[in-house]
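Worksheet: the structure to be examined is printed underneath.
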Amino acid sequence: MGKKLTSRSEDYSKWYNELVVKADLAENSGVRGCMVIKPYGFAIWEKMQAQLDKMFKETGHENAYFPLFIPKSYLSKEASHVEGFAKECAVVTHYRLKNAEDGSGIIVDEDAKLEEELIVRPTSETIIWDTYRKWIQSYRDLPLLINQWANVVRWEMRTRLFLRTAEFLWQEGHTAHATKEEALEEAEQMMHVYADFAENHMAVPVIKGTKTESERFAGAEETYCIEALMQDGKALQAGTSHFLGQNFAKAFDVKFATKEGKQEHVWATSWGVSTRLMGALVMTHSDDNGLVLPPKLAPIQVVIVPIYKGIDQLDAISEKVEPLVKELRSKGISVKFDKRDTHKPGFKFNEYELKGVPVRLAVGQRDLENETFEVARRDTLQKESVKADDIVAKITSLLEEIQKNIYKKALDYREAHITEVDSYDEFKKVIEEKGGFVSAHWDGTSETEDKIKTETKATIRCIPFYGEKEDGSCMVTGNPSVQRVLFAKAY
989 MGKKLTSRSE
999 DYSKWYNELV
1009 VKADLAENSG
1019 VRGCMVIKPY
1029 GFAIWEKMQA
1039 QLDKMFKETG
1049 HENAYFPLFI
1059 PKSYLSKEAS
1069 HVEGFAKECA
1079 VVTHYRLKNA
1089 EDGSGIIVDE
1099 DAKLEEELIV
1109 RPTSETIIWD
1119 TYRKWIQSYR
1129 DLPLLINQWA
1139 NVVRWEMRTR
1149 LFLRTAEFLW
1159 QEGHTAHATK
1169 EEALEEAEQM
1179 MHVYADFAEN
1189 HMAVPVIKGT
1199 KTESERFAGA
1209 EETYCIEALM
1219 QDGKALQAGT
1229 SHFLGQNFAK
1239 AFDVKFATKE
1249 GKQEHVWATS
1259 WGVSTRLMGA
1269 LVMTHSDDNG
1279 LVLPPKLAPI
1289 QVVIVPIYKG
1299 IDQLDAISEK
1309 VEPLVKELRS
1319 KGISVKFDKR
1329 DTHKPGFKFN
1339 EYELKGVPVR
1349 LAVGQRDLEN
1359 ETFEVARRDT
1369 LQKESVKADD
1379 IVAKITSLLE
1389 EIQKNIYKKA
1399 LDYREAHITE
1409 VDSYDEFKKV
1419 IEEKGGFVSA
1429 HWDGTSETED
1439 KIKTETKATI
1449 RCIPFYGEKE
1459 DGSCMVTGNP
1469 SVQRVLFAKA
1479 Y
(Lines of atoms letter the chains of each structure in order from A and count residues from 1; the text may use other names and numbers.)
(Lines give C-alpha, C1' and ligand atoms only; values in the text may rest on other atoms or scores of the structure.)
Protein backbone atom coordinates (compact mmCIF):
# COMPACT_ATOMS: atom_id res chain seq x y z
CA MET A 1 0.00 0.00 0.00
CA GLY A 2 3.03 2.31 -0.19
CA LYS A 3 4.49 4.30 2.68
CA LYS A 4 2.50 4.98 5.84
CA LEU A 5 0.45 8.12 6.30
CA THR A 6 1.99 11.14 7.95
CA SER A 7 0.70 11.07 11.54
CA ARG A 8 -1.92 13.57 12.71
CA SER A 9 0.34 14.81 15.49
CA GLU A 10 3.20 15.43 13.05
CA ASP A 11 1.23 17.38 10.42
CA TYR A 12 -2.57 17.25 10.53
CA SER A 13 -3.06 19.04 7.23
CA LYS A 14 -0.62 16.75 5.41
CA TRP A 15 -2.23 13.69 7.04
CA TYR A 16 -5.66 14.79 5.73
CA ASN A 17 -4.44 15.47 2.18
CA GLU A 18 -2.57 12.15 1.99
CA LEU A 19 -5.51 10.19 3.39
CA VAL A 20 -8.06 11.59 0.94
CA VAL A 21 -5.82 10.58 -1.97
CA LYS A 22 -4.53 7.24 -0.65
CA ALA A 23 -7.97 6.04 0.45
CA ASP A 24 -9.20 6.66 -3.11
CA LEU A 25 -11.73 9.33 -2.17
CA ALA A 26 -10.62 12.09 -4.54
CA GLU A 27 -7.70 13.65 -6.37
CA ASN A 28 -6.79 16.98 -7.91
CA SER A 29 -7.77 17.43 -11.55
CA GLY A 30 -6.26 19.18 -14.54
CA VAL A 31 -8.46 22.19 -13.73
CA ARG A 32 -6.98 24.36 -11.00
CA GLY A 33 -8.97 24.12 -7.78
CA CYS A 34 -11.30 21.40 -9.04
CA MET A 35 -11.30 17.77 -7.93
CA VAL A 36 -12.12 14.36 -9.32
CA ILE A 37 -14.26 12.41 -6.85
CA LYS A 38 -13.25 8.77 -7.29
CA PRO A 39 -15.73 5.86 -7.17
CA TYR A 40 -15.09 5.00 -3.51
CA GLY A 41 -15.48 8.63 -2.45
CA PHE A 42 -18.53 9.07 -4.63
CA ALA A 43 -20.10 5.92 -3.12
CA ILE A 44 -19.94 7.59 0.31
CA TRP A 45 -21.43 10.81 -1.13
CA GLU A 46 -24.23 8.78 -2.76
CA LYS A 47 -25.12 7.26 0.63
CA MET A 48 -25.16 10.73 2.17
CA GLN A 49 -27.26 12.02 -0.70
CA ALA A 50 -29.76 9.14 -0.51
CA GLN A 51 -30.33 9.60 3.22
CA LEU A 52 -30.62 13.39 3.05
CA ASP A 53 -32.95 13.15 0.05
CA LYS A 54 -35.18 10.78 2.03
CA MET A 55 -35.23 13.19 4.97
CA PHE A 56 -36.08 16.15 2.71
CA LYS A 57 -38.97 14.27 1.11
CA GLU A 58 -40.26 13.20 4.51
CA THR A 59 -40.54 16.90 5.38
CA GLY A 60 -42.56 17.65 2.23
CA HIS A 61 -39.87 18.85 -0.18
CA GLU A 62 -39.67 18.00 -3.89
CA ASN A 63 -36.63 17.96 -6.20
CA ALA A 64 -36.29 20.15 -9.29
CA TYR A 65 -33.42 21.43 -11.41
CA PHE A 66 -32.51 24.99 -12.42
CA PRO A 67 -29.94 26.35 -14.93
CA LEU A 68 -26.20 26.39 -14.32
CA PHE A 69 -25.98 29.90 -15.83
CA ILE A 70 -27.40 33.05 -14.27
CA PRO A 71 -27.75 36.32 -16.24
CA LYS A 72 -25.55 38.98 -14.63
CA SER A 73 -28.53 41.32 -14.21
CA TYR A 74 -30.28 38.77 -11.97
CA LEU A 75 -27.37 38.67 -9.56
CA SER A 76 -27.36 42.45 -9.20
CA LYS A 77 -31.02 42.67 -8.12
CA GLU A 78 -30.35 41.86 -4.45
CA ALA A 79 -27.59 44.21 -3.27
CA SER A 80 -26.14 42.34 -0.28
CA HIS A 81 -26.31 39.04 -2.20
CA VAL A 82 -24.20 40.30 -5.11
CA GLU A 83 -21.77 41.97 -2.72
CA GLY A 84 -21.32 38.68 -0.88
CA PHE A 85 -20.56 36.63 -3.99
CA ALA A 86 -19.07 39.12 -6.49
CA LYS A 87 -15.44 38.18 -5.82
CA GLU A 88 -16.09 34.44 -6.28
CA CYS A 89 -18.00 34.45 -9.58
CA ALA A 90 -16.86 32.79 -12.78
CA VAL A 91 -18.19 34.74 -15.79
CA VAL A 92 -19.03 33.53 -19.31
CA THR A 93 -18.51 36.31 -21.87
CA HIS A 94 -18.39 34.50 -25.26
CA TYR A 95 -20.18 31.53 -26.81
CA ARG A 96 -17.84 30.39 -29.61
CA LEU A 97 -14.22 29.46 -30.38
CA LYS A 98 -12.35 29.50 -33.70
CA ASN A 99 -8.99 28.46 -35.13
CA ALA A 100 -6.36 31.19 -35.07
CA GLU A 101 -5.42 32.38 -38.56
CA ASP A 102 -1.72 31.87 -37.85
CA GLY A 103 -2.36 28.21 -36.96
CA SER A 104 -1.31 28.68 -33.32
CA GLY A 105 -4.41 26.95 -31.96
CA ILE A 106 -7.93 27.77 -30.79
CA ILE A 107 -8.90 31.29 -29.74
CA VAL A 108 -12.09 32.97 -28.57
CA ASP A 109 -14.16 34.32 -31.45
CA GLU A 110 -14.35 38.04 -30.70
CA ASP A 111 -17.53 38.27 -32.80
CA ALA A 112 -19.31 35.84 -30.46
CA LYS A 113 -19.61 38.10 -27.42
CA LEU A 114 -22.73 37.55 -25.35
CA GLU A 115 -25.14 40.48 -25.13
CA GLU A 116 -25.27 39.86 -21.38
CA GLU A 117 -22.60 37.96 -19.47
CA LEU A 118 -23.62 34.79 -17.69
CA ILE A 119 -22.50 33.87 -14.17
CA VAL A 120 -21.75 30.21 -13.42
CA ARG A 121 -23.98 29.75 -10.37
CA PRO A 122 -22.28 30.30 -7.00
CA THR A 123 -25.73 29.63 -5.50
CA SER A 124 -29.16 29.70 -7.16
CA GLU A 125 -31.37 32.15 -5.25
CA THR A 126 -31.60 34.64 -8.12
CA ILE A 127 -32.48 32.26 -10.97
CA ILE A 128 -34.90 30.39 -8.71
CA TRP A 129 -36.71 33.49 -7.50
CA ASP A 130 -37.07 34.72 -11.07
CA THR A 131 -38.76 31.37 -11.77
CA TYR A 132 -40.94 31.47 -8.64
CA ARG A 133 -42.49 34.72 -9.87
CA LYS A 134 -44.21 32.65 -12.58
CA TRP A 135 -45.11 29.76 -10.27
CA ILE A 136 -46.68 31.70 -7.37
CA GLN A 137 -49.95 33.53 -7.87
CA SER A 138 -52.03 32.94 -4.76
CA TYR A 139 -51.94 31.52 -1.23
CA ARG A 140 -53.00 28.18 -2.74
CA ASP A 141 -49.52 27.88 -4.34
CA LEU A 142 -47.84 28.11 -0.92
CA PRO A 143 -45.79 26.83 0.71
CA LEU A 144 -43.50 26.01 -2.21
CA LEU A 145 -40.87 23.55 -0.98
CA ILE A 146 -38.17 22.85 -3.58
CA ASN A 147 -34.71 21.29 -3.39
CA GLN A 148 -32.13 20.74 -6.09
CA TRP A 149 -29.01 18.56 -6.21
CA ALA A 150 -26.42 20.39 -8.27
CA ASN A 151 -22.87 21.64 -8.68
CA VAL A 152 -21.84 25.22 -7.99
CA VAL A 153 -18.70 27.26 -8.67
CA ARG A 154 -17.03 29.69 -6.27
CA TRP A 155 -13.68 30.86 -7.53
CA GLU A 156 -11.58 29.98 -4.48
CA MET A 157 -7.90 30.91 -4.55
CA ARG A 158 -6.74 28.45 -1.87
CA THR A 159 -8.28 25.05 -2.31
CA ARG A 160 -8.24 21.74 -0.44
CA LEU A 161 -9.97 18.52 -1.50
CA PHE A 162 -13.59 18.43 -0.27
CA LEU A 163 -13.14 21.30 2.20
CA ARG A 164 -12.79 24.13 -0.30
CA THR A 165 -12.82 23.63 -4.07
CA ALA A 166 -13.72 25.93 -6.95
CA GLU A 167 -16.48 23.53 -8.02
CA PHE A 168 -18.33 21.37 -5.52
CA LEU A 169 -21.48 19.27 -5.29
CA TRP A 170 -24.31 20.15 -2.96
CA GLN A 171 -28.02 20.40 -2.45
CA GLU A 172 -29.80 23.70 -2.09
CA GLY A 173 -33.33 24.05 -0.78
CA HIS A 174 -35.38 27.13 -1.69
CA THR A 175 -38.80 27.63 -0.15
CA ALA A 176 -41.56 30.25 -0.29
CA HIS A 177 -44.14 30.86 2.47
CA ALA A 178 -47.21 32.98 3.16
CA THR A 179 -46.02 34.19 6.58
CA LYS A 180 -42.82 35.16 8.35
CA GLU A 181 -43.55 32.61 11.11
CA GLU A 182 -43.82 29.75 8.57
CA ALA A 183 -40.53 30.70 6.91
CA LEU A 184 -38.71 30.95 10.24
CA GLU A 185 -40.12 27.56 11.24
CA GLU A 186 -38.87 26.07 7.94
CA ALA A 187 -35.35 27.48 8.34
CA GLU A 188 -35.18 26.17 11.90
CA GLN A 189 -36.59 22.78 10.89
CA MET A 190 -33.90 22.27 8.25
CA MET A 191 -31.16 23.06 10.76
CA HIS A 192 -32.59 20.25 12.90
CA VAL A 193 -32.72 17.91 9.88
CA TYR A 194 -29.04 18.58 9.18
CA ALA A 195 -28.13 18.02 12.83
CA ASP A 196 -30.08 14.75 12.86
CA PHE A 197 -28.22 13.56 9.76
CA ALA A 198 -24.80 14.62 11.06
CA GLU A 199 -25.24 12.95 14.43
CA ASN A 200 -27.23 9.82 13.58
CA HIS A 201 -25.67 8.94 10.21
CA MET A 202 -22.26 10.63 10.07
CA ALA A 203 -21.73 10.06 13.84
CA VAL A 204 -20.52 13.67 14.02
CA PRO A 205 -21.72 15.65 17.07
CA VAL A 206 -22.73 19.20 16.20
CA ILE A 207 -23.72 22.38 17.98
CA LYS A 208 -26.82 24.13 16.65
CA GLY A 209 -26.98 27.90 16.62
CA THR A 210 -27.28 31.13 14.68
CA LYS A 211 -24.58 33.18 12.98
CA THR A 212 -23.67 36.74 13.87
CA GLU A 213 -24.67 39.46 11.42
CA SER A 214 -21.22 39.58 9.81
CA GLU A 215 -21.12 35.79 9.37
CA ARG A 216 -24.60 35.43 7.84
CA PHE A 217 -25.27 34.29 4.29
CA ALA A 218 -25.30 37.25 1.86
CA GLY A 219 -28.92 38.41 1.65
CA ALA A 220 -30.18 36.57 4.75
CA GLU A 221 -31.86 38.09 7.80
CA GLU A 222 -30.93 35.08 9.93
CA THR A 223 -28.57 32.14 9.37
CA TYR A 224 -28.95 28.93 11.37
CA CYS A 225 -25.96 26.58 11.42
CA ILE A 226 -24.51 23.35 12.70
CA GLU A 227 -20.87 23.47 13.82
CA ALA A 228 -18.61 20.44 14.27
CA LEU A 229 -15.17 20.15 15.85
CA MET A 230 -12.35 18.38 14.03
CA GLN A 231 -9.54 16.43 15.72
CA ASP A 232 -7.07 19.29 15.34
CA GLY A 233 -9.28 21.57 17.43
CA LYS A 234 -10.60 23.57 14.47
CA ALA A 235 -14.32 24.05 13.85
CA LEU A 236 -16.06 23.20 10.60
CA GLN A 237 -19.39 24.63 9.49
CA ALA A 238 -21.27 21.51 8.45
CA GLY A 239 -24.55 22.98 7.23
CA THR A 240 -26.53 26.23 7.09
CA SER A 241 -30.16 27.25 6.79
CA HIS A 242 -31.18 30.82 6.03
CA PHE A 243 -34.26 32.93 6.73
CA LEU A 244 -34.26 35.36 3.81
CA GLY A 245 -37.21 37.48 4.89
CA GLN A 246 -38.85 39.13 1.86
CA ASN A 247 -35.57 40.37 0.35
CA PHE A 248 -35.57 38.11 -2.71
CA ALA A 249 -39.36 38.25 -3.13
CA LYS A 250 -39.14 42.05 -3.34
CA ALA A 251 -36.08 41.99 -5.60
CA PHE A 252 -37.86 39.65 -8.06
CA ASP A 253 -41.42 40.88 -7.40
CA VAL A 254 -42.77 37.54 -6.17
CA LYS A 255 -46.26 38.26 -4.78
CA PHE A 256 -49.30 36.19 -3.91
CA ALA A 257 -52.98 36.92 -3.45
CA THR A 258 -54.01 36.31 0.17
CA LYS A 259 -57.35 34.73 1.17
CA GLU A 260 -58.63 38.28 1.57
CA GLY A 261 -57.52 39.15 -1.98
CA LYS A 262 -54.59 41.39 -0.98
CA GLN A 263 -51.25 41.25 -2.83
CA GLU A 264 -48.30 40.46 -0.54
CA HIS A 265 -44.67 39.45 -1.01
CA VAL A 266 -43.83 35.89 0.02
CA TRP A 267 -41.34 34.95 2.76
CA ALA A 268 -38.31 32.88 1.84
CA THR A 269 -35.69 30.42 3.04
CA SER A 270 -32.70 28.66 1.53
CA TRP A 271 -30.52 25.90 2.99
CA GLY A 272 -27.68 23.64 1.89
CA VAL A 273 -24.96 21.12 2.64
CA SER A 274 -22.14 20.14 0.31
CA THR A 275 -19.33 17.66 -0.35
CA ARG A 276 -17.60 19.52 2.51
CA LEU A 277 -19.38 16.91 4.66
CA MET A 278 -16.92 14.38 3.21
CA GLY A 279 -14.09 16.40 4.72
CA ALA A 280 -15.92 16.51 8.06
CA LEU A 281 -16.35 12.73 7.98
CA VAL A 282 -12.65 12.13 7.32
CA MET A 283 -11.37 14.61 9.92
CA THR A 284 -13.76 13.69 12.74
CA HIS A 285 -13.17 9.93 12.90
CA SER A 286 -10.07 8.83 10.99
CA ASP A 287 -6.74 7.83 12.55
CA ASP A 288 -3.11 7.35 11.58
CA ASN A 289 -3.96 4.03 9.90
CA GLY A 290 -6.57 5.53 7.57
CA LEU A 291 -10.27 6.19 7.34
CA VAL A 292 -12.72 5.23 10.06
CA LEU A 293 -16.18 5.23 8.50
CA PRO A 294 -19.53 5.11 10.31
CA PRO A 295 -21.26 1.86 9.26
CA LYS A 296 -24.35 3.76 8.06
CA LEU A 297 -22.31 5.53 5.37
CA ALA A 298 -19.62 2.95 4.58
CA PRO A 299 -19.85 1.70 0.96
CA ILE A 300 -18.54 -1.69 2.20
CA GLN A 301 -19.71 -2.48 5.74
CA VAL A 302 -18.14 -5.94 5.92
CA VAL A 303 -15.21 -7.34 3.97
CA ILE A 304 -14.32 -11.03 3.99
CA VAL A 305 -10.71 -11.97 3.22
CA PRO A 306 -9.91 -15.64 2.51
CA ILE A 307 -6.50 -17.00 3.56
CA TYR A 308 -5.67 -20.01 1.43
CA LYS A 309 -3.06 -22.07 -0.39
CA GLY A 310 -4.25 -23.42 -3.70
CA ILE A 311 -7.56 -23.41 -5.48
CA ASP A 312 -8.99 -26.30 -3.45
CA GLN A 313 -8.74 -24.35 -0.19
CA LEU A 314 -10.28 -21.30 -1.84
CA ASP A 315 -13.18 -23.41 -3.11
CA ALA A 316 -13.75 -24.80 0.39
CA ILE A 317 -13.69 -21.30 1.92
CA SER A 318 -15.99 -19.96 -0.81
CA GLU A 319 -18.47 -22.74 -0.12
CA LYS A 320 -18.65 -21.59 3.50
CA VAL A 321 -18.59 -17.84 2.82
CA GLU A 322 -21.03 -17.42 -0.07
CA PRO A 323 -24.17 -18.39 1.93
CA LEU A 324 -23.05 -15.92 4.62
CA VAL A 325 -22.66 -13.15 2.02
CA LYS A 326 -26.15 -13.87 0.75
CA GLU A 327 -27.66 -13.80 4.26
CA LEU A 328 -25.95 -10.55 5.22
CA ARG A 329 -27.06 -8.86 2.00
CA SER A 330 -30.63 -10.00 2.64
CA LYS A 331 -30.42 -8.00 5.88
CA GLY A 332 -29.33 -4.88 3.99
CA ILE A 333 -25.65 -5.18 4.96
CA SER A 334 -23.15 -4.41 2.18
CA VAL A 335 -20.49 -7.14 1.93
CA LYS A 336 -17.44 -7.71 -0.22
CA PHE A 337 -15.84 -11.16 -0.53
CA ASP A 338 -12.34 -10.35 -1.78
CA LYS A 339 -11.14 -13.41 -3.71
CA ARG A 340 -8.50 -11.56 -5.74
CA ASP A 341 -5.47 -13.77 -6.31
CA THR A 342 -3.33 -10.80 -7.33
CA HIS A 343 -2.87 -9.54 -3.74
CA LYS A 344 -1.85 -11.28 -0.51
CA PRO A 345 -4.06 -11.22 2.60
CA GLY A 346 -1.72 -8.78 4.39
CA PHE A 347 -2.05 -6.28 1.55
CA LYS A 348 -5.84 -6.62 1.66
CA PHE A 349 -5.94 -6.11 5.45
CA ASN A 350 -3.99 -2.85 5.05
CA GLU A 351 -6.14 -1.73 2.12
CA TYR A 352 -9.44 -2.16 3.94
CA GLU A 353 -8.05 -0.62 7.12
CA LEU A 354 -6.97 2.42 5.07
CA LYS A 355 -10.41 2.59 3.45
CA GLY A 356 -12.18 2.46 6.81
CA VAL A 357 -14.29 -0.69 6.27
CA PRO A 358 -16.03 -1.10 9.67
CA VAL A 359 -15.82 -4.92 9.99
CA ARG A 360 -13.30 -7.35 8.50
CA LEU A 361 -13.63 -11.13 8.56
CA ALA A 362 -10.71 -13.41 7.85
CA VAL A 363 -11.17 -17.11 7.19
CA GLY A 364 -8.44 -19.70 6.63
CA GLN A 365 -8.01 -23.47 6.81
CA ARG A 366 -7.95 -23.54 10.60
CA ASP A 367 -11.14 -21.44 10.75
CA LEU A 368 -12.81 -23.94 8.41
CA GLU A 369 -11.86 -26.79 10.74
CA ASN A 370 -12.97 -24.92 13.87
CA GLU A 371 -16.07 -23.42 12.20
CA THR A 372 -15.02 -19.90 13.19
CA PHE A 373 -14.24 -16.49 11.68
CA GLU A 374 -11.64 -13.99 12.82
CA VAL A 375 -13.51 -10.70 13.28
CA ALA A 376 -11.69 -7.34 13.35
CA ARG A 377 -13.42 -4.01 14.02
CA ARG A 378 -11.95 -0.89 12.41
CA ASP A 379 -12.71 1.62 15.17
CA THR A 380 -10.71 -0.09 17.94
CA LEU A 381 -8.63 -2.51 15.80
CA GLN A 382 -9.65 -5.31 18.20
CA LYS A 383 -9.88 -8.88 16.91
CA GLU A 384 -11.77 -11.93 18.19
CA SER A 385 -12.72 -15.39 17.06
CA VAL A 386 -16.46 -15.93 16.52
CA LYS A 387 -18.33 -19.18 15.94
CA ALA A 388 -19.89 -19.49 12.48
CA ASP A 389 -23.34 -20.01 14.03
CA ASP A 390 -23.09 -16.65 15.82
CA ILE A 391 -21.46 -14.62 13.06
CA VAL A 392 -24.57 -12.92 11.59
CA ALA A 393 -25.81 -11.77 14.99
CA LYS A 394 -22.28 -10.64 15.89
CA ILE A 395 -21.87 -8.56 12.72
CA THR A 396 -25.29 -6.95 13.13
CA SER A 397 -24.61 -5.91 16.74
CA LEU A 398 -21.04 -4.86 15.92
CA LEU A 399 -22.13 -2.45 13.20
CA GLU A 400 -24.53 -0.78 15.65
CA GLU A 401 -21.85 -0.70 18.34
CA ILE A 402 -19.24 0.86 16.03
CA GLN A 403 -21.71 3.57 14.94
CA LYS A 404 -22.37 4.48 18.59
CA ASN A 405 -18.74 4.19 19.65
CA ILE A 406 -17.28 6.54 17.06
CA TYR A 407 -20.01 9.10 17.84
CA LYS A 408 -19.20 8.86 21.57
CA LYS A 409 -15.47 9.21 20.90
CA ALA A 410 -16.06 12.36 18.83
CA LEU A 411 -18.49 13.74 21.43
CA ASP A 412 -16.04 13.11 24.28
CA TYR A 413 -13.33 14.93 22.31
CA ARG A 414 -15.60 17.89 21.67
CA GLU A 415 -16.79 18.12 25.29
CA ALA A 416 -13.16 18.07 26.47
CA HIS A 417 -12.45 20.93 24.06
CA ILE A 418 -15.15 23.40 25.06
CA THR A 419 -13.50 25.90 27.40
CA GLU A 420 -15.29 28.67 29.27
CA VAL A 421 -13.24 31.86 29.71
CA ASP A 422 -13.96 35.29 31.18
CA SER A 423 -10.88 37.31 30.21
CA TYR A 424 -9.40 38.15 26.82
CA ASP A 425 -5.91 37.08 27.94
CA GLU A 426 -7.26 33.66 28.94
CA PHE A 427 -9.14 33.48 25.64
CA LYS A 428 -6.00 34.11 23.58
CA LYS A 429 -4.06 31.50 25.57
CA VAL A 430 -6.73 28.80 25.07
CA ILE A 431 -7.18 29.57 21.36
CA GLU A 432 -3.44 29.36 20.76
CA GLU A 433 -2.50 26.43 23.00
CA LYS A 434 -5.57 24.18 23.38
CA GLY A 435 -7.89 25.06 20.49
CA GLY A 436 -11.44 23.79 20.28
CA PHE A 437 -14.52 25.86 21.09
CA VAL A 438 -14.12 28.73 23.53
CA SER A 439 -17.25 29.94 25.29
CA ALA A 440 -17.07 33.62 26.15
CA HIS A 441 -19.13 36.78 26.56
CA TRP A 442 -19.22 39.20 23.62
CA ASP A 443 -20.80 42.64 23.52
CA GLY A 444 -22.68 42.02 20.27
CA THR A 445 -20.77 44.55 18.13
CA SER A 446 -19.07 43.82 14.82
CA GLU A 447 -16.14 46.04 15.91
CA THR A 448 -15.30 43.70 18.81
CA GLU A 449 -15.88 40.66 16.60
CA ASP A 450 -13.47 42.04 13.96
CA LYS A 451 -10.84 42.88 16.59
CA ILE A 452 -10.90 39.31 17.96
CA LYS A 453 -10.69 37.85 14.45
CA THR A 454 -7.77 40.10 13.46
CA GLU A 455 -5.80 39.47 16.63
CA THR A 456 -6.44 35.73 17.13
CA LYS A 457 -7.84 34.38 13.81
CA ALA A 458 -10.76 33.00 15.84
CA THR A 459 -14.32 33.73 14.73
CA ILE A 460 -17.71 33.43 16.37
CA ARG A 461 -18.84 30.03 15.12
CA CYS A 462 -22.35 30.34 16.50
CA ILE A 463 -24.63 31.80 19.10
CA PRO A 464 -25.80 28.48 20.62
CA PHE A 465 -29.44 27.81 19.83
CA TYR A 466 -30.33 26.50 23.26
CA GLY A 467 -27.71 28.55 25.08
CA GLU A 468 -28.73 29.76 28.50
CA LYS A 469 -29.17 33.50 28.91
CA GLU A 470 -26.44 34.59 31.29
CA ASP A 471 -25.71 38.19 32.09
CA GLY A 472 -22.02 38.97 31.95
CA SER A 473 -19.39 41.31 30.60
CA CYS A 474 -17.68 41.17 27.20
CA MET A 475 -14.20 39.71 27.65
CA VAL A 476 -12.73 42.46 25.41
CA THR A 477 -14.65 45.67 26.17
CA GLY A 478 -16.29 44.91 29.50
CA ASN A 479 -19.64 46.02 28.06
CA PRO A 480 -22.80 44.09 29.02
CA SER A 481 -23.52 40.70 27.43
CA VAL A 482 -26.61 38.50 27.80
CA GLN A 483 -25.21 35.19 26.54
CA ARG A 484 -21.98 33.34 25.91
CA VAL A 485 -21.09 32.59 22.27
CA LEU A 486 -18.74 29.98 20.82
CA PHE A 487 -15.46 31.04 19.22
CA ALA A 488 -12.96 28.85 17.37
CA LYS A 489 -10.43 28.85 14.59
CA ALA A 490 -12.17 27.26 11.62
CA TYR A 491 -11.88 25.69 8.20
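If you read the sequence shown in our numbering, its first letter stands for residue 989, the second for the next number, and so on.
All C-beta atoms, glycine included, are put in the ideal place defined by N, C-alpha and C.
For H1429, the enclosing beta strand (DSSP E) stretches over residues F1425 to H1429.
Taking 9 Å as the cut-off, the beta carbon of M1266 is found closer than this to the beta carbon of I1032.
Under the Cβ criterion (8 Å, minimum of three pairs), the region 1246-1265 does not count as touching the region 1001-1013.
Assignment of Y1454 by DSSP, reduced to helix, strand and coil, places it in the coil class.
Segment contact: the region 1156-1165 against the region 1130-1141, three or more CB-CB distances shorter than 8 Å; contact assigned.
Shown here, K1075 sits in a helix according to DSSP, grouped into three states.
For E1203, the closest C-alpha among the options T1111, S1068 and E1248 is that of S1068. Straight through space, the alpha carbons of E1420 and L1474 are spaced by roughly 15 Å.
For the options Q1039, V1313, N1393 and A1286, the alpha carbon positioned closest to that of G1344 is the one of A1286. Separation of the CB atoms of F1073 and P1110 is rounded to 5 Å, and the pair is thereby assigned contact status at 8 Å. If you look at Y1083, you'll find it isn't in any alpha helix (DSSP H); DSSP assigns it neither H nor E. Each residue's CA atom was taken as its position, placing I1115 and I1058 some 6 Å apart. If you ignore the 5 residues before and after Y1395, its C-beta comes within less than 8 Å of the C-beta of E1187, A1191, V1192, P1193 and P1282, all in its own chain and listed in chain order. Under the 10 Å beta carbon count, H1189 is surrounded by 16 or more other beta carbons and is classified as buried. L1316 sits in a helix when the DSSP states are folded into three classes.
With a contact defined as Cβ atoms closer than 8 Å, F1453 and T1198 qualify at about 7 Å.
In this structure, the CA atom of Y1028 is about 16 Å from the CA atom of D1326. Annotated three-state conformation of M1179 is helix, per DSSP. Between L1217 and Y1401, the C-beta gap is smaller than 9 Å, which places the two residues in contact.
Contact between the region 1347-1356 and the region 1382-1399 is present: three or more C-beta pairs spanning the two stretches fall below 8 Å.
About 7 Å separates the CB atoms of G1424 and A1476; that is less than 8 Å, so the two are in contact. Residue range R1264 to H1273 is occupied by the alpha helix (DSSP H) that includes A1268. Across the set S1411, P1333, I1390 and K1026, the C-alpha of P1333 shows the shortest separation from the C-alpha of K1297. Under the DSSP definition of a beta bridge, R1348 partners with V1291 and A1364. With 16 or more other Cβ atoms inside 10 Å of its own Cβ, P1294 counts as buried. Bridge pairing for V1140: F1156 [DSSP]. A1239 places its beta carbon 9 Å or farther from that of E1071. With a cutoff of 9 Å on beta-carbon distance, Q1159 and F1236 are scored as not near each other.
Under a 10 Å Cβ-count criterion, Y1053 is classified as exposed, with fewer than 16 other Cβ atoms of the shown protein chains found around its own Cβ. Between the region 1223-1235 and the region 1178-1187, the count of Cβ pairs shorter than 8 Å is three or higher; the stretches touch. Following the DSSP letters along the chain, one finds P1333 inside the alpha helix (DSSP H) bounded by residues P1333 to L1342. Following the DSSP letters along the chain, one finds S1469 inside the beta strand (DSSP E) bounded by residues P1468 to A1476. In its chain, beyond the 5 residues on either side, G1207, A1208, E1209, A1256, T1257 and S1258 have a beta carbon closer than 7 Å to the beta carbon of L1232.
The region 1364-1383 and the region 1309-1321 touch, with three or more beta-carbon pairs separated by less than 8 Å. Per DSSP, the continuous alpha helix (DSSP H) segment holding Q1039 begins and ends at P1027 to E1046. Secondary-structure assignment with DSSP links N1135 through a beta bridge to N1051 and G1161.
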